[in-house]
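Accompanying notes for the structure given below.
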DNA sequence: TATAGATTCGGACCTCAGTCCGATTACGTT
DNA sequence: AACGTAATCGGACTGAGGTCCGAATCTATA
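Residue numbers (the numbering used here), protein chains in the order written: chain Y, 1 to 205; chain E, 206 to 410.
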């Protein structure tokens, strides 16, 4: 007292070592259990138990089941984003917007084909639109749409097109309707091809 | 015994009068509570209590929360179906497929604007695709698409277009993104207009 | 009307996502 | 090295959806 202001800790946002250790334990256990038994058949209590932490710890780190699933998915999601932000054409920059959109959808469908159950867990309810990843996808699609057709309502059309890549719809098409992945991809290509006006490349500048 | 086969009840599918009475009590209570406090803020126990029946009765009649919401919605849904099956053009028969599709989407969006919360309850999770109403919508859209463009994959495109009319997307666009109903409708019109090839009417035969 | 038998009723019970708060542990200071 | 503070830990608790089964009730038959 009497020494004026003192900042007791200079970095309030650093993670305590036990917290970091537990986060890794939880992620590792969740990855393993989700892969072993399917994401839908693993309760949060089981994840906590397998990680050797309490339930409170699990929920403080990852606020909800959907968030935990999203965290497990994050490395695949990051790879996808790398692909369409800095990767090779036609997914990455350099190809016409139309081709990039088609490649983007096919990459999303490929990820759904492998991780549909996990993505379903992450998108339960209105959680999909709240994920940061969704904002990235929407921005990407909206930019490409605006580039292809400046007159269209790119903001709205982006959300609309992304609805065609939703996990629930995908699982329904594949499992219930029995459509092949190739057919779903072809449908996406058709949709994009009709929505995005085909135009000659106008050069770089 | 010794009289051969006897059918103890000739009509095993008639509903007992107490069962019918309880169904009406439940539907009435659910309608009232959903309207008073919003569908998301009413628990199944409350519905059962307000209807004066036990929880078991509620769940035997309407197997799940989503089914109960769908039952409450059924009259609006029936009105919509009447409209596009036997109603006046452009929603009903008589108009070109393209105009009918646009009118169908706008009618769906109008229903979402009024009942979005209730429809959200009914479409929680993958329940949307299991509802009989979805099958009717899909068939309707697929028929119109096939009529407009026999070369397209109408079965798949129908599901894709219906994804743009999902309740979760609608609530996100209206409440989170703050788009007007008119804008969402215009977006639907644009989408359909670009997907469905504009062609001259070829006559009736 | 009395009986038989199936159907329904209804509340106790289960599972699971998410919350809360006292006990514990790590980090910076002295 | 010992201490004080602040964050974390973790399990008990809540609330809600959904299940189960003995008890009550309805319908058809005699």
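Using N, Cα and C, we set each Cβ at its ideal position, and we do this for glycine too.
Item	Value
Other residues of its chain near residue 146 of chain Y: CB distance less than 6 Å, five sequence neighbours each side excluded	154
With 16 other Cβ atoms within 10 Å as the buried cut-off, status of residue 40 of chain Y	exposed
Residue 357 of chain E classed as buried or exposed, judged by whether at least 16 other C-beta atoms fall within 10 angstroms	buried
Min CB distance residue 190 of chain Y to chain E below 8 Å	yes
Cβ pair residue 400 of chain E, residue 362 of chain E closer than 8 Å	yes
CA nearest to the CA of residue 106 of chain Y, picked from Y:186, Y:168 and Y:133	Y:186
Residue 246 of chain E at chain Y interface by Cβ criterion, 8 Å	no
Below-8 Å beta-carbon distance, residue 164 of chain Y vs any chain E residue	yes
Whole-angstrom C-beta distance between residue 65 of chain Y and residue 26 of chain Y, which should lie under 8 Å	At roughly 12 Å, the Cβ-Cβ gap does not stay under 8 Å, so residue 26 of chain Y and residue 65 of chain Y are not in contact.
Buried versus exposed call for residue 301 of chain E [16 or more other C-beta atoms within 10 Å across all chains shown]	buried
Cross-strand partners of residue 207 of chain Y (DSSP beta bridge)	Nothing in the structure corresponds to residue 207 of chain Y, since chain Y is present only between 1 and 205.
Anticipated Cβ contact below 8 Å, residue 345 of chain E with residue 275 of chain E, distance rounded	Not confirmed; about 18 Å, so no contact.
Sufficient close CB pairs (3 or more, under 8 Å) joining the stretch 46 to 63 of chain Y to the stretch 74 to 88 of chain Y	no
Simplified DSSP state of residue 221 of chain E, which is helix, strand or coil	coil
Segment contact flag, the stretch 373 to 390 of chain E with the stretch 316 to 324 of chain E, C-beta cutoff 8 Å, min 3 pairs	yes
Secondary structure, alpha helix (DSSP H): runs of 4+ residues fully inside the stretch 101 to 140 of chain Y	127 to 130
Coarse secondary structure for residue 61 of chain Y, derived from DSSP in three states	helix
Cutoff 8 Å; reference residue 91 of chain Y; Cβ partners in own chain excluding five residues on either side	83, 84, 100, 103, 104 and 107
Whole-angstrom distance between residue 227 of chain E and residue 134 of chain Y, CA atom to CA atom	44 Å
Any C-beta of chain Y under 8 Å from that of residue 346 of chain E	no
Contacts that residue 125 of chain Y makes with chain E (C-beta to C-beta distance below 9 Å)	325, 329, 330 and 373
Alpha-carbon to alpha-carbon, residue 182 of chain Y and residue 79 of chain Y	22 Å
Nearest candidate by alpha-carbon position, reference residue 189 of chain Y, set Y:28, Y:109, Y:44 and Y:127	Y:109
Distance between residue 176 of chain Y and residue 264 of chain E (C-alpha atoms, nearest Å)	25 Å
7 Å Cβ shell around residue 137 of chain Y - same chain, five flanking residues per side excluded	162
Residue from E:303, E:389 and E:355 whose Cα sits closest to the Cα of residue 160 of chain Y	E:389
Residue 41 of chain Y, DSSP secondary structure in three states	helix
Residue burial classification, residue 224 of chain E (beta-carbon count within 10 angstroms, cutoff 16)	exposed
The alpha helix (DSSP H) enclosing residue 390 of chain E, as first and last residue numbers	386 to 400
Nearest-angstrom Cα separation, counted from residue 129 of chain Y out to residue 371 of chain E	13 Å
Residues of the stretch 379 to 394 of chain E whose Cβ lies closer than 9 Å to any Cβ of chain Y, in chain order	381, 382, 384, 388, 389, 391, 392 and 393
Range of the contiguous alpha helix (DSSP H) that encloses residue 158 of chain Y	154 to 163
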